[in-house]
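J.:
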Amino acid sequence: MSTSKPPARSSESAGSAAASLSNMTIATEGDAVSDELDPEAVVPAHNGKKTKDRLGPTGRPFREIAEPPLLERHGPAQVLAMCNQKGGVGKTTSTINLGAALAEYGRRVLLVDFDPQGALSVGLGIQPHELDHTVYNVIMERSVNISDVIRSTNVENVDLLPSNIDLSAAEVQLVAEVGREHTLMRVLRPVLDAYDYVLVDCQPSLGLLTVNALTAADGVIIPLECEFFSLRGVALLIDTIEKVRERLNPKLDIVGILATMFDPRTLHSKEVMARVVEAFGETVFDTVINRTVRFPETTVAGEPITKWAPKSAGATAYRTLAREVIAR
Ligand SMILES: Nc1ncnc2c1ncn2[C@@H]1O[C@H](COP(=O)(O)OP(=O)(O)OP(=O)(O)O)[C@@H](O)[C@H]1O
Ligand SMILES: [Mg+2]
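In the working numbering, the protein residues as written are 2 to 329.
(1) Have a look at G208 and S169 and give me their C-alpha separation to the nearest angstrom.
(2) On the DSSP bridge list, what partners appear for V198?
(3) Taking 7 Å as the line, does the beta carbon of D202 fall inside it for any heavy atom of ligand 2?
(4) Is it right to say V221 is buried, meaning 16 or more other beta carbons lie within 10 angstroms of its own, or is it exposed?
(5) Indicate, with yes or no, if ligand 2 has a heavy atom lying under 7 Å from the CB of K87.
(6) In three-state DSSP terms, what is A120?
(7) Consider the C-beta atom of A120 and the heavy atoms of ligand 2; say whether any pair is separated by less than 7 Å.
(8) Looking at the secondary structure, which residues open and close the beta strand (DSSP E) in which L161 lies?
(9) Considering only DSSP beta bridges, list what E226 is partnered with.
(10) Alpha carbon to alpha carbon, how far is L215 from N158?
(11) How long is the line joining the alpha carbons of F230 and E68, rounded to whole angstroms?
(12) Determine the contact status of G100 and E226, defining contact as a CB-CB distance below 8 Å.
(13) Pick from N146, G282 and L121: whose alpha carbon is nearest that of L200?
(14) Can you look up R190 in the DSSP assignment and give me helix, strand or coil?
(15) What are the boundary residues of the alpha helix (DSSP H) that includes N98?
(16) Tell me the rounded alpha-carbon separation between Q128 and I239.
(17) Counting Cβ pairs, one atom from each stretch, are 3 or more of them under 8 Å apart for the region 296-307 and the region 267-277?
(18) How far does the beta strand (DSSP E) with I127 in it reach, from first residue to last?
(19) Under 7 Å: does the beta carbon of T135 sit that close to some heavy atom of ligand 2?
(20) Can you check DSSP and say which residues form a bridge with P62?
(21) Judging by CA-CA distance, which residue of P251, L161 and R324 is the nearest neighbour of I97?
(22) Which same chain residues, not among the five before or five after L249, have their C-beta less than 7 Å away from its C-beta?
(23) Rounded to a whole number of angstroms, what is the C-alpha to C-alpha distance between P40 and T293?
(24) CA-CA distance, T299 and V326?
As C-alpha cells, then:
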C-alpha cells in the first residue's frame, strides 16, 4: 500500500481536466535531448527508504509500496478495461505485462483479448487464426461456454480468452441484440469467482465492443503514450467513460492513467508528462513505462517481459504498476 493517501477518483475532476487538455499546447523542443540517461536505466523504485527523497518521472516523490499481501482465497475478480481509442499506445503490452506481474504476486488473472487484431493472443504465443473458438463465439453463440474457450498460457496463474478477426463481425451483429452493451458482462459473470483480476484489452476505438468492456468493468486503466498527439483524444475518452457510468455502469471508475513510452532523455516526453500530471493529478500512476525496444522483442518471443527479461527495467516497472493497482 502506498504510504500516501490513495488517489481520489473523481469523475468530475477527470472530466474537467480532460477538457483543459484539449486546449493545451506544448513547446516544441520535441527532439531535444536533455540528459544522458538510458531509458532502460530509469525505473521507479519500490524498495523502501531510498525512494522517499527522489522525484519520479511524474515530478512527484516516489512512494513506497509494500509487498502486496498474499491472498488466502481467490475471487471475485475486479474487472479492469485497458482502454484508449488511440492506436499503439501500449494497451496490449500493458495488459500482458500487468497481468503477468499481478500473477507473480499470487493473483489469478484472466486476460480477455477484446480486439479483432488478436495482438494479446499473439503476445502470449497463440496463433489466433488457428482457433476454432474465441471470445467471438462466446459472446455471439449462447451454446458456447466461456470455460471451454478460456485457455491457460505459458505464464502460471494467467489464463486467456483469445480473440481473432471473427470479432470484427460482432460489432455489427451486436447492434441488433437485446442488452447489447451488457453482452461481455453477461458472459464473464460465471468465471469471475475463479479470478482476482480480469484485464480486458480493448481495441483502438470507442465503438460497441469498447462500450461492452466499459460496461463489464469495475475500473479503467488508460495507457497514454508520452507524446503530444496522444493527449488530444483523452477528453473524448473520458467523456465516453462518464456516459457509460451514467447510463450503463454506475460503479465504473478510472483506476489510473499509465504513462507509456516515456523517454527520460527528451524534453518533449517530460513536457507531456508534466501536462498530464497537471491535468489529472493523483489519477496518474507513479509508475511510468519507459520506451524500450525490449517490448517489441517480447511480442516476438510470445512472452511477457516479466518472464522473457525478468530483471529488465520494463519488468520491474510492470511489477511496480501491479503493486500500485493492488493498492488502489
Ligand atoms: N514502452 C514501450 N516502449 C517501446 N515500444 C513499446 C512500448 N510499449 C509498447 N511498445 C510497442 O509499441 C507497439 C504498440 O504497442 P501495443 O500493441 O501494446 O499498443 P496498443 O495500444 O495495444 O495498440 P493497438 O491500439 O493497435 O491495439 C508494439 O509494437 C509494442 O511492442
Ligand atoms: Mg492492442
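By construction, the Cβ of each residue, glycine as well, lies at the ideal position given by its N, Cα and C atoms.
T.: The relevant details are as follows:
(1) Within the sequence shown, residue 208 is the residue found at index 207, counting from 1. Within the sequence shown, residue 169 is the residue found at index 168, counting from 1. Looking at the two C-alpha atoms, the distance is approximately 11 Å.
(2) Here residue 198 corresponds to residue number 197 of the sequence shown, with the count starting at 1. Looking at the sequence shown, residue 198 is not Val but Tyr. Paired residues: Q79 and V110.
(3) For the purposes of this step, residue 202 is taken as residue 201 along the sequence shown, with counting starting at 1. Yes, Cβ of D202 sits closer than 7 Å to a heavy atom of ligand 2.
(4) Here residue 221 is taken as the residue at index 220 of the sequence shown, counted from 1. The residue is buried, with at least 16 neighbouring Cβ atoms inside 10 Å.
(5) Counting from 1 along the sequence shown, the entry for residue 87 is found at position 86. No, ligand 2 has no heavy atom inside 7 Å of this Cβ.
(6) Taking the sequence shown and counting its residues from 1, one reaches residue 120 at position 119. A120 falls in the helix class under three-state DSSP.
(7) Along the sequence shown, one-based indexing puts residue 120 at 119. Correct: A120 has its Cβ closer than 7 Å to ligand 2.
(8) Taking the first residue of the sequence shown as 1, we reach residue 161 at position 160. Taken as a continuous stretch (DSSP letters only), the beta strand (DSSP E) holding L161 covers V159 to L162.
(9) Residue 226 sits at position 225 when you count from the first residue of the sequence shown. Per DSSP, T261.
(10) Counting from one through the sequence shown, the residue named residue 215 turns up at place 214. Counting from one through the sequence shown, the residue named residue 158 turns up at place 157. Within the model, the alpha-carbon separation for L215 versus N158 is close to 24 Å.
(11) For the purposes of this step, residue 230 is taken as the residue at position 229 of the sequence shown. For the purposes of this step, residue 68 is taken as the residue at position 67 of the sequence shown. The alpha-carbon atoms of F230 and E68 are separated by roughly 36 Å.
(12) What you label residue 100 is simply residue 99 of the sequence shown in a count that begins at 1. What you label residue 226 is simply residue 225 of the sequence shown in a count that begins at 1. Result no, Cβ atoms of G100 and E226 do not sit closer than 8 Å.
(13) As a position in the sequence shown, residue 200 is number 199, starting the count at 1. That would be L121, whose Cα lies nearest to the Cα of L200.
(14) In the sequence shown, residue 190 corresponds to position 189, counting from 1. DSSP places R190 in helix when its eight states are reduced to three.
(15) As a working mapping, residue 98 is identified with position 97 in the sequence shown. First-last of the alpha helix (DSSP H) with N98: K92 to E105.
(16) Translated into the one-based positions of the sequence shown, residue 128 becomes position 127. Translated into the one-based positions of the sequence shown, residue 239 becomes position 238. If you take the alpha carbons of Q128 and I239, they lie about 33 Å apart.
(17) At 8 Å Cβ cutoff, the stretches do not touch.
(18) Residue mapping note: residue 127 aligns to position 126 of the sequence shown, counting from 1. I127 -> no beta strand (DSSP E), and no H or E assigned at all.
(19) To locate residue 135, count along the sequence shown from 1; it is residue 134. Not so, every heavy atom of ligand 2 lies at least 7 Å from the Cβ.
(20) For the purposes of this step, residue 62 is taken as the residue at position 61 of the sequence shown. Partner(s): L56.
(21) To locate residue 97, count along the sequence shown from 1; it is residue 96. Residue L161 is the option with its Cα nearest to I97.
(22) Here residue 249 refers to the residue found at position 248 when the sequence shown is read from its first residue. Only E182 and T216 meet the Cβ criterion.
(23) Against the sequence shown, residue 40 aligns to sequence position 39. Against the sequence shown, residue 293 aligns to sequence position 292. Its pLDDT being 45, under 50, P40 is placed unreliably by the model, and the measurement read from it follows with that caveat. If I take the Cα positions, the gap works out to 7 Å.
(24) In the sequence shown, the residue the question calls residue 299 occupies position 298. In the sequence shown, the residue the question calls residue 326 occupies position 325. Going from the Cα of T299 to the Cα of V326 covers about 22 Å.
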